[in-house]
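Residue numbering for the sequence shown follows our numbering, starting at 336 and increasing by one per position.
All residues carry an ideal CB built from backbone N, CA and C; glycine is no exception.
On a predicted model such as this, the values are computed, not experimentally measured, just so you know.
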Amino acid sequence: MMGSKPIDGFGLEDGFAFYVMLSKDRKPICRTQCIKAPHQLPANWNIHDMPYASKCPLEGLPHFALRPAFEDERQQDEWGKFTTFLYKNEKPLLKAAVVQLDTCVLYIINPSLKAGSKAGDVMVLFKMNGVLNDHKNTKNDESMVVSKKLPSAANSVKTGTYEHLQLLAMASGSCAEDRILTPRHEEVGESLDAHFSGRDTNYHDSLKVSSCKSELLSLKDDCCGSKNYARVDPSYLATLGHSHDGWIFGAIAELIDNSRDAKATKLEISVETRYLKKDDLQIPMLSVVDDGHGMSHQEIMVMVSLGHKQTDADDPNQIGRFGIGFKTGAMKLGRDAIVLTQTTTSRSIAFLSQSFNECKDSVEIPVVSYRRHGGFMEVDTSIQSLAVADYHLKAIKDFSPFNEYLIGEKSGLFGENGTGTQIYIWNFDKWGSDFCLEWQKRNGDKDSPNENDILIRSRRVRSRSGQISQKVPLDYSLRSYLEVIFLEPRMKIYVQGSLVKSRPLAKSLNKTKIFKGEIKGKPVQLTLGRNQLEWEQMNCGIFLYWHGRLIEAYKRVGGMVHSVDIGRGIVGVIDVTEMSNRNKDFIMNTKQAFRDCEEYATLEQWLGEKSDEYWDEHFDTLQVKQNVSDKYKPDLEWVQCDKCRKWRALDSGFDTGTLPQTWVCGMPPYNGSCQNREEEMDPGVVTVGKKRTRCDPKQITASGTPKKVETGIIITKRQKCSPNKKNSGNTSGETKSGKPNWQRHKNGRAKATRYEER
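See below:
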C-alpha cells in the first residue's frame, strides 16, 4: 500500500513504498516494506530458490531496499532466521533468495551491515524479464505509441542502464503504477553495499522519452500525492459470510436471486464430490448452474468487486440491489468459490477464495476472460496479457479442484452457443465432525425414505414470536423453502437432480379472502385463507414477498402472537414491492428481513387487524362440530404446466398427486392448450371496518348470526352470553358438568378454555 509520507528518512519522490508479504514454499516469513521500488510490485513474494549469490547475475543490476514490518513476534523470529541464513561471515557463503514475478526476477541478499546502515534491512536487486505485452490487440492508443517508439529509443541508451529498464517497463506495463519509473542511478556498477553505507546517492528526474514525460509526471503526482486508498484484508471475506450466520439458506437464496435476474429458465442446485489436489482428498462441492444470459468481463468484475455503486432504478423484476449478494452468499457457504460464466461472445472465470488469499496483504481475485473467435474461445488480450491470464489460471489450478480438463468439462455444459453461469463452492462450514449441510439423493430408488434434498444438519427451527410448532420444514429443508420462494414461480429449479414442485401459497387456501388497503399512500393487497398442511403442522402466519421473492415466512401478527389457538392453519400472502418505492431502505441487505421503519411498523399493525377480522368472521362465529373428519380443501386445485410454466385451475378436491411427474396443458384433466391464457384467482374483495369485528349480544338475527358492530364481545352460534353475566341458564356458557366454558380476557375477547376443532 502506497503512502504520501516519507518513511524513516526515505523520501517517496523517487519511487514507491508499499507492503509485501514474503514467503518461502507458500509459508509466510514476514511482512516487509519496499523502499524506493522502481514501480508497484505484487503484494506477495514467494521464494522458490536460494542459490549462492556468486552464481547469480547480480553485477550492474539496479536495487532497492526491503525493510521488515513485523505483525507479531513469530514474524520477527522468522525474519532473524532468514537474514542470518542469507549472510555469513565468509563471502562465498552469501546467499540470494530468488523470487520470480511476471515482469521481473528479484534477488534478495543481505550485505554486511556497516556503520550507518539500517539494522534488519536487506537489498533487492531486480532484472526485468522483457516486454510481456505485444499490444497487438490493445485499445490503448498511448501504449501503441510507446511500443512503436521503443526500438529507436532503446538504441539510444546502453543496455543494462536504468533508462533501458524504464523503456522495457513502460512497454510492458498496463496500469498507471507500472508506468511510473524510478530515474536511473548515476553509477550503475556501484558496490552492493552502497545502499547501506550511509553514502549520499544522487538521483535525478530526467526521462529520455520526451513524448511521455508530462504524462508520467502527472501520473506520479496522482499516485504518490496525498490520496489514500483502503486496503482490503483477506479476513474481510470471512466477515462477509457472517451476514447469513442466522440462516444458511439465505446465502443460497442470494445465488438464486442472481439466476432469476439473469432471466434463467432452469436452475440446478446439487452437491457433488471432487478431488482437491492441494489437500489430497475428496471434498464435497456445491454447484449452482443456470441457463441465464451470463456475464461479460465488466459484469463479472462488478460481481466479484467488494462493493459498487448502487442503482437508483427500482425494477420490480430485479431482486439484486446492494452489490454484495454473491460475496456474502458464497463466503457463508464455503471458503472458496469459482464462477464460470458465458455470454454469446465471451467467457470468464473468477476465483474468490479465502484459501488462496491466506497470508496475503490484500485480497487478490484471479479473473480470466476469453472472447469468441469463430468456433473457438481465446484469451481476450484487450483485457489482459497472456502472462497475466496464465498466472491467474495457475492460481485457480493450484488452489481449487479445477484443472484444464474440469474447466473444459464444465464449459461444455454451456453448449456451442449457450449462455449461463455456473458457481461452485467448497470447503463448507463444519457442524461438529460433519458439514453444516447434509445432502440426500434417492438415486432412482422410489422406496428410499430419503428425498432428493439439501438440509441444514442442525434441523433447527427459526424463532418467531408466539410460535409453538417445532415442525417447520421450510427452516431446514431446501426443497421446502424453494417450493414457496417465489410468488409467481416460472423458473424450473432442480435439487439433487429432482424437479422442485412449486407451491404457490395464495392458490392453495380454503375460504380465501382478499383485503385491500393503503399504507403510507401505497396500495397493498393481502390474501388470507386456511391451509390444511399448515393446520396439521400447527403453523400459521403471513408470508411477505418483495419483488416476488420471499423475505419473511410465518410472521405471526395480531392475536396469533398472544394465543397459540388463534390463527392455526391461517396463512396470508402479501407483496410489499410498492412500499419499497417510497422507502429505499425498506429491505435489509440480507433480503431476509425488513428494516425497523415507520412503513413496516404501520404494515405490521394493519396485517394484525386484518388477520384478526378474518379469524373472527370465519372461525370464531362457526358452530363447533364434534368428530369432524373432513379436511379443508383449497377453493381450487392448481397445477403448473412443465412446458409453458402457466398455472391451471382444476376442480376442488382433485388429487394432484395422481398426475404424472411431467404434466403439460394438453393432458387430462385440463385437456387444454399452452396457448390458453392463465387463469386468475379472483375470489372477491371483502370490505371491512377499521377495527376488529365485534358482536353486540342485543343485536342477534333470527337465524342466530351476530351482526357486525364496532364494540362488544364475540358471540358464536352455539351460545349467547351477556357481557355482564357469566352464568345465566343454558346461555351462560356452562357445560353439563357446571364448569364454565368461556372466560373473559384482558383484551375484551371471549376465549374458549377448551379448544375444540371447528
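Name the DSSP beta bridge partners of TRP380, please?
One-based indexing of the sequence shown puts residue 380 at position 45. In the DSSP output, where bridge partners are listed per residue, TRP380 has LEU357.
Hey, would you say LYS827 sits closer than 8 Å to HIS953, going by beta carbons?
For the purposes of this step, residue 827 is taken as residue 492 along the sequence shown, with counting starting at 1. For the purposes of this step, residue 953 is taken as residue 618 along the sequence shown, with counting starting at 1. Against a cut-off of 8 Å, the Cβ pair of HIS953 and LYS827 comes out as no contact.
How do the region 697–707 and the region 565–574 stand: do at least 3 beta-carbon pairs fall below 8 Å, yes or no?
Touching, per the Cβ criterion.
Taking the runs of the beta strand (DSSP E) that are 3 residues or longer, which of them lie wholly in the region 961–1020?
Within the region 961–1020, the complete beta strand (DSSP E) runs of at least 3 residues are 972–975, 982–985.
Counting only runs of 4+ residues fully inside the region 552–624, write out the alpha helix (DSSP H) ranges in chain order.
List check, alpha helix (DSSP H) in window: 570–576, 584–596.
Quick one: Cα of GLY1007 to Cα of PHE734, how far?
Translated into positions along the sequence shown, residue 1007 becomes position 672. Translated into positions along the sequence shown, residue 734 becomes position 399. If I take the Cα positions, the gap works out to 54 Å.
Inspect the beta-carbon positions of ILE789 and ILE604 and report whether they are closer than 8 Å.
What you label residue 789 is simply residue 454 of the sequence shown in a count that begins at 1. What you label residue 604 is simply residue 269 of the sequence shown in a count that begins at 1. Yes, Cβ-Cβ distance for ILE789 and ILE604 is below 8 Å.
Using only CA atoms, which one of SER720, ASP725, THR676, GLY767 lies nearest to GLY747?
Residue mapping note: residue 747 aligns to position 412 of the sequence shown, counting from 1. Selected option, being the one with the closest Cα: THR676.
Please work out which residues of its chain come closer than 6 Å, Cβ to Cβ, to TYR935, disregarding the five sequence neighbours upstream and downstream, and give them in chain order.
For the purposes of this step, residue 935 is taken as the residue at position 600 of the sequence shown. Cβ neighbours of TYR935 beyond the five flanking positions: PHE929.
So does the region 455–464 actually touch the region 428–447, counting three or more Cβ pairs closer than 8 Å?
Yes: at least three Cβ pairs fall under 8 Å.
Whole alpha helix (DSSP H) runs in the region 704–776 with 4 or more residues, listed along the chain?
Runs of the alpha helix (DSSP H) inside the region 704–776: 721–734, 739–746.
Identify, in the order they occur along the chain, each residue of the same chain with its Cβ nearer than 6 Å to the Cβ of SER578, setting aside the five sequence neighbours on each side.
Within the sequence shown, the letter at position 243 stands for residue 578. Hits under 6 Å: THR663, THR925.
By DSSP, does THR1040 sit in helix, in strand, or in coil?
In the sequence shown, the residue the question calls residue 1040 occupies position 705. Low per-residue confidence applies at THR1040: pLDDT is 48, beneath 50, and the placement is therefore not dependable, though the value from the model is reported in the following sentence. DSSP places THR1040 in coil when its eight states are reduced to three.
Can you have a look at LYS613 and say buried or exposed, based on whether 16 or more other CB atoms are within 10 angstroms of its CB?
Stepping through the sequence shown from its first residue, residue 613 is reached at position 278. By the neighbour-count rule (16 or more Cβ atoms within 10 Å), LYS613 is not buried but exposed.
To the nearest angstrom, report how far apart TRP982 and LEU938 are at their CA atoms.
Here residue 982 refers to the residue found at position 647 of the sequence shown. Here residue 938 refers to the residue found at position 603 of the sequence shown. When rounded, the distance between both Cα atoms is 29 Å.
Do you know offhand how far PHE283's Cα is from ARG361's?
Residue 283 is absent from the model: the chain starts at 336 and stops at 1093.
Mind checking ILE364: buried by the 16 CB within 10 Å criterion, or exposed?
Looking up residue 364 in the sequence shown gives position 29. Counting Cβ neighbours within 10 Å, ILE364 comes out buried, since at least 16 surround it.
Quick one: what's got a C-beta closer than 7 Å to ILE803's C-beta in the same chain, skipping five residues either side?
Numbered from its first residue, the sequence shown carries residue 803 at position 468. Here the set comprises MET873, VAL899.
Quick one: Cα of SER640 to Cα of ALA685, how far?
If you number the sequence shown from 1, residue 640 lands on position 305. If you number the sequence shown from 1, residue 685 lands on position 350. In a straight line, the C-alpha of SER640 is about 11 Å away from that of ALA685.
In chain order, what residues of the same chain have a beta carbon less than 8 Å from the beta carbon of CYS1000, not counting five sequence neighbours either side?
Residue numbering aside, residue 1000 sits at position 665 when the sequence shown is read from its first letter. The answer, listed in chain order, is CYS976, LYS978, CYS979, LYS981, ARG983, GLY1007, SER1008, CYS1009, ASN1011.
Please state whether DSSP places ARG865 in a helix, a strand or coil.
Reading the sequence shown from its first residue, position 530 is the one you call residue 865. Note: ARG865 maps to strand in three-state DSSP.
Determine which residues share a DSSP beta bridge with PHE878 and list them.
By one-based count along the sequence shown, residue 878 stands at place 543. Partner(s): VAL908.
Compute the Euclidean distance between the alpha carbons of LYS667 and THR419, then round it to the nearest angstrom.
As a first step, residue 667 is located in the sequence shown; it is residue number 332 there, counting from the start. As a first step, residue 419 is located in the sequence shown; it is residue number 84 there, counting from the start. If you take the alpha carbons of LYS667 and THR419, they lie about 43 Å apart.
Leaving aside the five residues before and after ASP764 along the sequence, list all residues of the same chain whose C-beta is less than 6 Å from its C-beta, in chain order.
Translated into positions along the sequence shown, residue 764 becomes position 429. Closer than 6 Å at Cβ, skipping near neighbours: CYS771.
Leaving aside the five residues before and after ALA355 along the sequence, list all residues of the same chain whose C-beta is less than 8 Å from its C-beta, in chain order.
Reading the sequence shown from its first residue, position 20 is the one you call residue 355. Per the sequence shown, the amino acid found at residue 355 is Val instead of Ala. Answer for VAL355: ARG366, THR367, GLN368, CYS369, LEU376, PRO377, ALA378, ASN379, TRP380, LEU401, ASP696, listed in chain order.
Express the C-alpha separation of GLY893 and SER800 in angstroms, rounding to a whole number.
One-based indexing of the sequence shown puts residue 800 at position 465. One-based indexing of the sequence shown puts residue 893 at position 558. Approximately 11 Å between the Cα atoms of the pair.
Please go through the same chain and pick out, in chain order, the residues whose beta-carbon is closer than 8 Å to the beta-carbon of PRO386, but skip the five residues on each side of it.
As a position in the sequence shown, residue 386 is number 51, starting the count at 1. For PRO386, where only same-chain residues beyond five positions count, the Cβ hits under 8 Å are LYS430, ALA431, VAL433.
Compare the C-alpha of ASN762 against each of VAL714, SER987, MET620, LEU393 and name the closest.
For the purposes of this step, residue 762 is identified with residue 427 of the sequence shown, where counting begins at 1. Looking at the Cα atoms, MET620 is the closest of the given residues.
Count the other C-beta atoms from every protein chain shown that fall within 10 angstroms of the C-beta of PRO969, then say buried if there are 16 or more, exposed otherwise.
In the sequence shown, the residue the question calls residue 969 occupies position 634. Answer is buried; the Cβ neighbour count reaches 16.
Which term fits SER339, buried or exposed, when burial requires 16 or more other beta carbons within 10 angstroms of its beta carbon?
In the sequence shown, residue 339 corresponds to position 4, counting from 1. For SER339, the predicted structure reports a pLDDT of 34, less than 50, and the residue's modelled location is therefore unreliable. A value from the coordinates is still provided. SER339 is exposed by the Cβ-count criterion.
Report yes or no: do the region 944–953 and the region 895–914 share at least 3 C-beta pairs separated by less than 8 Å?
With a cut-off of 8 Å, the region 895–914 and the region 944–953 count as touching, because enough Cβ pairs lie within range.
With DSSP collapsed to three states, give me the class of ASP920.
Walking along the sequence shown from the start, residue 920 turns up at place 585. If DSSP states are grouped into helix, strand and coil, ASP920 belongs with coil.
Return the chain-ordered list of same chain residues with a C-beta closer than 6 Å to the C-beta of GLU406, the five sequence neighbours on each side being excluded.
The residue you call residue 406 lines up with position 71 of the sequence shown. The answer, listed in chain order, is ARG366.
Given this structure, state the Cα-to-Cα distance separating PRO486 from VAL606, to the nearest angstrom.
Counting from one through the sequence shown, the residue named residue 486 turns up at place 151. Counting from one through the sequence shown, the residue named residue 606 turns up at place 271. The predicted model places PRO486 with a pLDDT of 35, which falls under 50 and marks its position as unreliable, so this point remains unresolved.
So within the region 782–821, which uninterrupted beta strand (DSSP E) runs reach at least 3 residues, ignoring any that extend past its ends?
Complete beta strand (DSSP E) runs here, min 3: 788–791.
Using alpha carbons as the reference points, say which of MET636, ASP625, ASN738 lies closest to ASN683.
Here residue 683 refers to the residue found at position 348 when the sequence shown is read from its first residue. Note on residue identity: the sequence assigns Ser, not Asn, to residue 683. Answer by Cα proximity: MET636.
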